[in-house]
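Here's the structure, in structure tokens; my notes come after.
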Amino acid sequence: MFNRVFLGKNIKFEIYRKFFHVSTLIFLLFYKVNFWIGLASSLFFIFVYLILEIFRIMKINLFFLKGISEIILKSREVSSCKVSLSPIFLVMSIFCTYFFISEPFSYIGIFSACLGDGLASLFGKMIPSFKLVNDKTFSGSVVVFLVSFIVFYYFFPNFVLAPIVGIGAVLVELFDFKKYDNLFLSLGVATLSFVLSEYSL
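Be aware that the sequence shown starts at 1, since it is given in full-length UniProt numbering, and climbs by one per residue.
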């Protein structure tokens with residue numbers, strides 16, 4: 001039972017994929033050290049990722065490229081001859097959120113996207129629950145709510161606003177555009193946090 005639920009092949013691929021999702025928080029650290037270091041590291045990642053995707057499409061196997069290709073193809077509904085843009089959109093959203101929205105609201109949005117959305121898909125596959133919309137699960141949405149709630153409450157201890165931010169994060173995650181996954185959650189949550197805090201606190 002344990003092996004079937006937690007160590008199934010699909011779950012393993014999901015863990016690998018979501019490890020990347022969560023690890024993108026390193027870009028926030030780079031931005032905190034120095035904005036230009038963060039920007040340079042983001043652009044470098046995008047460049048390397050696109051090169052690897054081109055190699056994958058051309059069936060050129062270099063180093064660990066084969067393993068990365070398997071994870072991309074089996075964890076995403078993406079054609080083997082198309083570039084998966086989801087990782088790029090995530091890095092872009094971190095940059096836009098950090099650049100356009102002030103602290104700590106940018107942190108709230110970025111953590112909600114990297115941790116909340118990152119863990120939502122994993123728990124959605126590990127914990128059986130009913131589907132909502134856009135193939136999103138109830139258990140995954142609960143994870144998004146909890147992460148956004150906790151992160152907002154950490155910066156602004158308010159039991160009225162924190163659930164609103166959590167619900168807002170769930171709605172953005174549920175109804176985001178499938179082709180632009182990862183692009184809107186951090187910006188949406190950060191903006192909502194800013195508006196609520198600005199006019200309510």
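All residues carry an ideal CB built from backbone N, CA and C; glycine is no exception. Just so we're clear, the structure is a prediction, and the values are computed from it rather than from any experiment.
Candidates the options, of which the one nearest residue i by Cα
i    : options                   : result
S197 : N182, A162, F27 and I167  : A162
K136 : V165, S121, I94 and G166  : S121
S138 : Y154, F100, I150 and D117 : The amino acid occupying residue 138 in the given sequence is Phe; Ser does not appear at that position. For the residues Y154, F100, I150 and D117, the minimum Cα distance to F138 belongs to D117.
F155 : S193, S84 and F35         : S193
V195 : F145, D176, G168 and L183 : G168
F20  : L119, I37, V144 and F105  : L119
F123 : V143, F35, V33 and F27    : V143
N182 : F35, S84 and P104         : S84
Residue i versus residue j - alpha carbon distance
i    : j    : result
S102 : S148 : 17 Å
I108 : V189 : 7 Å
I94  : T191 : 13 Å
L52  : F159 : 45 Å
L174 : S141 : 8 Å
F111 : K82  : 29 Å
G166 : F89  : 22 Å
F44  : F99  : 18 Å
V5   : I150 : Residue confidence is low: V5 scores 47 on pLDDT, short of 50, so the model does not pin down where it sits. No coordinate-derived value is stated.
G38  : Y153 : 26 Å
I57  : V91  : 22 Å
N34  : F27  : 11 Å
I46  : P87  : 8 Å
S106 : K32  : 12 Å
I164 : L50  : 37 Å
S186 : P157 : 20 Å
K59  : W36  : 34 Å
Other residues of its chain near residue i: CB distance less than 7 Å, five sequence neighbours each side excluded
i    : result
S200 : L161
Expected contact under 8 Å - CB spacing of residue i and residue j to nearest Å
i   : j   : result
F30 : S41 : 5 Å
C25 : C96 : In the sequence as displayed, the identity of residue 25 is Leu instead of Cys. Actually they are not in contact, since the Cβ atoms of L25 and C96 sit about 16 Å apart, beyond 8 Å.
beta-carbon residue i near the ligand ATP non-hydrogen atom, thresh 8 Å
i   : result
I46 : This structure does not include the ligand ATP; it has no bound ligands of any sort.
Extent of the continuous alpha helix (DSSP H) run through residue i
i    : result
P163 : L161 to F175
C96  : S86 to F100
A113 : First-last for A113: undefined, no H or E at that position.
T191 : L185 to S200
V142 : F138 to F155
E53  : F35 to I57
Same chain, Cβ closer than 8 Å to residue i, neighbours up to 5 away in sequence not counted
i    : result
F184 : S93, V172, D176 and F177
P104 : F155
Beta-carbon contacts of residue i that lie in its chain and below 6 Å, excluding the five residues immediately before and after
i    : result
F145 : G166 and V170
M1   : Any reading at M1 is ruled out, since the residue's pLDDT is 42, under 50, leaving its predicted position unreliable.
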